[in-house]
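Chains B and P, in that order, are what the protein sequence lines are. Using the working numbering, the letters of the first sequence map in sequence onto residues 5 to 219. Using the working numbering, the letters of the second sequence map in sequence onto residues 1029 to 1471. Just so it is clear, CB atoms sit at the ideal spot from N, CA and C, and this is done for glycine as well. Remarks on the structure that follows.
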Amino acid sequence: MYELVRGPLVWIAFIGFFGGMAYRFIAMALLARKDRVVYPTFDAKYGLRSLLHWVIPFAGVNMRMRPFYTLLSYTFHICVLVTPLFLMGHAVLWQESWGVRWWSLPQNVANVMTLVVIFACLFFMVRRLVRPEVRNVSYASDYLLALLVMAPFATGFVAHHQWLPYRPMLIVHIASGALWLLLIPWTRLIHMAWFVFTRSYMGSEFGAVRHSRDW
Amino acid sequence: MADLQDIQIMDPGVEEGIAKLTPDRIERTILKVLTEESAARLEVYLQTCVHCGLCAEACQSYVSRDGDPDYAPVAKVKDTLWEMVKRKGKVDGEFLHNAARIAFIDCGACRRCSMYCPFGIDISYQIMTVRRILNLLGVVPQYLQDTTNSHAVTMNQMWVQQDDWIDTLMWQEEDAQAELAGTRIPLDKEGAEIMYSIIGPEPKILAQLIANMAIIFKVAGADWTMPSTDGWDNSNMAMYSGDFETMGRVERLHWERAMQLKVKRVVMGECGHAYRGAVYDGPRWLGWTKPPIPMVHAVEYYYELLKSGRLKIARKIEEPVTVQDPCNIVRGRGLHTKLRYVINEICEDFRDMEPRYEHNYCCQAGGGLINCGPPWKLSRMKSNRVKAEQIAETGAHTVITPCHNCHSGIEDIIGHFKLGAHVSFISELLVKTIEMPDGGGEE
């Protein structure tokens, strides 16, 4: 079982993720040609200007209006992206399989980052329940997505600390991670890719066309 | 829960439109717009929104209604577009009744929420897509549809007939001459530097604004003209009712008239949505990336005249004033700095609103809202208590509104909340304060 998830399933996950993303990109690029406003409006300077303002914490008015949320959200996104890539346990796997070596996070830092992700996901779910304006637009899928993002982190954490039998936990961990990768292109998690385009398009409209700022 | 009183408002344009529909036609129309008329933007926006609700506080209607979740921008999209997509166009009359209220009255397409969405999702574009669907279904508030009908028939917003148009211009020319001798309103002067275009309501109900501008042009020594026939109206309510075919016809005629007159630029009166229609939405629908001739908004033109010294201020207005930043020329054109330069030139005691510039709150009248007429007025007032508070905080006696929709909308707010202030266009203040050449009016 372990060999199956460690081998073919991981391959399927990566191929599925990259293939899915490539498909989405190409399909969207073609669809954007049909939307005759999109390409003529894109503007590198103003697109980047807007992106920059929305990538730097507290550069936008809305971010300053809610400091705790902004901090948590930024930390969460950094941890979600960085932890899986630079975890020592993952680095070992890369080296075993491909012979590539790269830098890895000290174990206790990785521990904290994992806990941040778990906490943030719980926070996002509780926020959905308690804030009326968020609850009103929350579907079951929103909670499932938060659980999906949390799953590989929670299972990996438990497996690492061997609080439950190691092997089965590891299998669940790898399987949830694979599911996560496979679903990114087909769920709202795709905002990780589309964000760049929606933001820079809005920045282009505001900056190049309307001579104003959008942050 | 959306306001019960508002939900129960009956509008013949909406109700009678719905009564004529069949489930099949509803489904076909929705799917047509979703699959044929919209493409990448709509799809990306629908997929990217993570339902975080961070746009809520951007909207004056949400803030004014004490955080009623149904008035958050994302909720307005959820209750209209998301449901249409989810149900694959199979929605009923009750759903459309609600969708019309949300799309035509609760959202002014002011785009403030796009500045609060971390992803920069264009929520107002999504609401405009809902309006487009409703228009194709024939479900449009009656008053708004009437202005669109007027555009389609007369090419102006207010059923102004050709003889009325010429007559009004001649009348205003005479009035202007009483203030300043020798003032003219030159008609169809080919090759003039400027074509001056205005919106339908000016000849209909605010004709003195035309005389004001004639005086300003005269003092500045401008080489200008106005068209004697259709194409003089740059307003565009069809843009807001979702009748993009009529919107395109109106804008095409306006620009064709300017081309025929061989002018170098078009200066337009103090209006916001007309700027949007003439410079963005109209040209885009017609497949142009920009208008064929530069368009200059009145605020920009006043700035140019004051800055260059072609207009000089003789005596400043002393009473306290504030300004309503119109969405379509501030978020839509970045004119806020020039606007403040102009006001500070004319007025002693200028008190700014907070928030301001691109972050101003909409007047809840633009975007076609006020054109939906009396049935919806109270709902508009409930949605803009925050504007009343903003105005009251400044303590100003005059609210300067360089936009027709803001002008009428703020006037309603002042009356409803008994703020005891009044509204004014810049041109009204300019004619009171500028240095007139010797002689003044005719004796």
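Best match in the options for proximity to residue i [C-alpha to C-alpha]
i	options	result
Asp1271(P)	Cys1434(P), Arg1159(P) and Asn1388(P)	Arg1159(P)
Ile1238(P)	Glu1456(P), Gly1362(P) and Ile1161(P)	Glu1456(P)
Tyr1308(P)	Glu1328(P), Gln1190(P), Glu1373(P) and Ile1357(P)	Ile1357(P)
Ala1220(P)	Glu1207(P), Gln1033(P) and Trp1252(P)	Trp1252(P)
Glu1373(P)	Asn1388(P), Leu1339(P), Lys1405(P) and Gly1360(P)	Leu1339(P)
Arg40(B)	Leu1109(P), Trp1313(P) and Asp1195(P)	Trp1313(P)
Ile1428(P)	Pro1402(P), Phe1378(P) and Glu1382(P)	Phe1378(P)
Leu1367(P)	Cys1431(P), Asn1399(P) and Leu1109(P)	Cys1431(P)
Glu1346(P)	Cys1141(P), Ile1371(P), Tyr1329(P) and Val1102(P)	Ile1371(P)
Thr234(B)	Arg132(B), Leu126(B), Leu52(B) and Asn112(B)	As displayed, chain B neither begins before 5 nor continues past 219, which places residue 234(B) out of reach and without an answer.
Ser1089(P)	Arg1408(P), Gly1443(P), Asp1440(P) and Lys1460(P)	Arg1408(P)
Ser77(B)	Val120(B), Leu109(B) and Phe46(B)	Val120(B)
Arg1293(P)	Gly1300(P), His1282(P) and Cys1299(P)	His1282(P)
Ile1321(P)	Asp1353(P), Glu1279(P) and His1301(P)	Glu1279(P)
Ala155(B)	Pro169(B), Phe123(B) and Arg131(B)	Phe123(B)
Leu1406(P)	Ile1441(P), Gly1394(P), Val1295(P) and Cys1080(P)	Ile1441(P)
Ile1398(P)	Ile1155(P), Cys1080(P), Ala1086(P) and Gln1170(P)	Gln1170(P)
Trp1187(P)	Ala1209(P), Ser1452(P), Phe1453(P) and Ser1263(P)	Ser1263(P)
Beta carbon of residue i nearer than 8 Å to that of residue j
i	j	result
Tyr1369(P)	Tyr1331(P)	yes
Val1291(P)	Met1223(P)	yes
Ala1248(P)	Ile1213(P)	no
Met1183(P)	Gly1259(P)	yes
Asp1261(P)	Gly1305(P)	no
Leu969(P)	Thr1157(P)	Since the first and last residues shown for chain P are 1029 and 1471, residue 969(P) lies out of range.
Ser1269(P)	Val1168(P)	yes
Ile1161(P)	Val1072(P)	no
Ile178(B)	Val42(B)	no
Gly64(B)	Trp219(B)	yes
Phe1132(P)	Leu1172(P)	yes
Asp1031(P)	Lys1410(P)	yes
Ala1266(P)	Thr1257(P)	no
Leu152(B)	Leu183(B)	yes
Ile194(B)	Gln1075(P)	yes
Met67(B)	Pro61(B)	yes
Arg1140(P)	Cys1390(P)	yes
Within chain B, the residues that residue i reaches when beta carbons sit closer than 7 Å
i	result
Ser1142(P)	Met206 and Asp218
Pro1146(P)	Trp58
Gly1395(P)	Those do not exist, as Gly1395(P) stays about 15 Å from chain B at its closest Cβ, beyond 7 Å.
Gly1081(P)	Arg135, Glu137, Val138 and Val141
CA-to-CA distance, residue j to residue i, given in whole angstroms
i	j	result
Ile1462(P)	Ala1204(P)	14 Å
Lys1318(P)	Ile1244(P)	28 Å
Leu1049(P)	Asn1126(P)	15 Å
Glu1201(P)	Lys1246(P)	11 Å
Ile1149(P)	Gln1288(P)	39 Å
Glu1470(P)	Trp1199(P)	Unreliable placement is indicated for Glu1470(P), whose pLDDT of 48 sits below 50; the coordinate value is still reported in the next sentence. If you take the alpha carbons of Glu1470(P) and Trp1199(P), they lie about 15 Å apart.
Leu1458(P)	Ile1419(P)	22 Å
Pro136(B)	Pro88(B)	33 Å
Asp1039(P)	Arg1129(P)	10 Å
Val200(B)	Val1078(P)	15 Å
Val1349(P)	Glu1439(P)	14 Å
Phe46(B)	Leu109(B)	38 Å
His57(B)	Val1042(P)	42 Å
Ala212(B)	Gly1315(P)	18 Å
Cys1138(P)	Ser101(B)	54 Å
Ile1151(P)	His1450(P)	32 Å
Tyr50(B)	Val86(B)	28 Å
Leu1333(P)	Pro1101(P)	40 Å
Contacts that residue i makes with chain P (C-beta to C-beta distance below 7 Å)
i	result
Asp47(B)	Ordered by position in chain P, no residue passes the 7 Å Cβ test against Asp47(B), which lies about 12 Å from the chain.
Arg203(B)	Phe1147 and Gly1148
Chain P residues whose Cβ lies nearer than 9 Å to that of residue i
i	result
Val59(B)	Near Val59(B) there are no residues of chain P at all, since even the closest Cβ is about 10 Å away, more than 9 Å.
Ala36(B)	Ala1067, Ala1068, Arg1069 and Val1072
His215(B)	Gly1360, Arg1361, Gly1362 and Leu1363
Arg192(B)	Gln1075, Thr1076, Cys1077, Val1078 and His1079
The ligand PLP heavy atom lying under 7 Å from the CB of residue i
i	result
Gln1190(P)	Of ligands this structure carries none, so the ligand PLP is not represented either.
Chain-ordered neighbours of residue i on chain P, where CB pairs are closer than 8 Å
i	result
Trp198(B)	Val1072, Gln1075, Thr1076 and Phe1147
Amino acids of chain B, ordered along the chain, whose beta-carbon sits closer than 8 Å to that of residue i
i	result
Thr1317(P)	Pro44
9 Å Cβ cut-off: residues of chain B touching residue i
i	result
Glu1273(P)	Within 9 Å Cβ-Cβ: nothing; Glu1273(P) doesn't reach chain B, min ~16 Å.
Item checked: Contact residues within the stretch 1097-1109 of chain P, judged by C-beta distance below 8 Å to chain B -> Within the stretch 1097-1109 of chain P, those residues whose Cβ lies closer than 8 Å to any Cβ of chain B are, in chain order, Pro1097, Asp1098, Ala1100, Val1102, Ala1103 and Lys1106.
Next item on the list: Determine which residues of the stretch 1158-1191 of chain P have a Cβ less than 9 Å from any Cβ of chain B, and write them out in chain order.
Entry: Result list empty, no residue passes.
Checklist line | Short-range partners of chain B found in the stretch 1372-1388 of chain P, where Cβ spacing is below 7 Å | finding: Per Cβ criterion, the list reads Glu1386 and His1387.
Notebook entry, point to check: What are the residues of the stretch 59-76 of chain B that lie near chain P, defined by any Cβ-Cβ distance shorter than 9 Å?
Noted result: Under the 9 Å Cβ criterion, the stretch 59-76 of chain B contributes Gly64, Val65, Asn66, Met67, Met69, Arg70 and Tyr73.
Checklist line | Chain-ordered residues of the stretch 13-38 of chain B with a beta carbon less than 7 Å from chain P | finding: Met32, Leu35, Ala36 and Lys38: these are the residues of the stretch 13-38 of chain B whose beta carbon lies less than 7 Å from some beta carbon of chain P, given in chain order.
Note to self: Against chain B, which members of the stretch 1294-1325 of chain P pass a CB distance test of less than 8 Å?
What the structure shows: Flagged, chain order: Tyr1308, Arg1312, Gly1315 and Thr1317.
Next item on the list: Using a Cβ-Cβ cut-off of less than 9 Å, give me the residues of the stretch 1115-1141 of chain P that come near chain B, in sequence order.
Entry: Going along the stretch 1115-1141 of chain P in chain order, one finds Arg1139 with a Cβ nearer than 9 Å to chain B.
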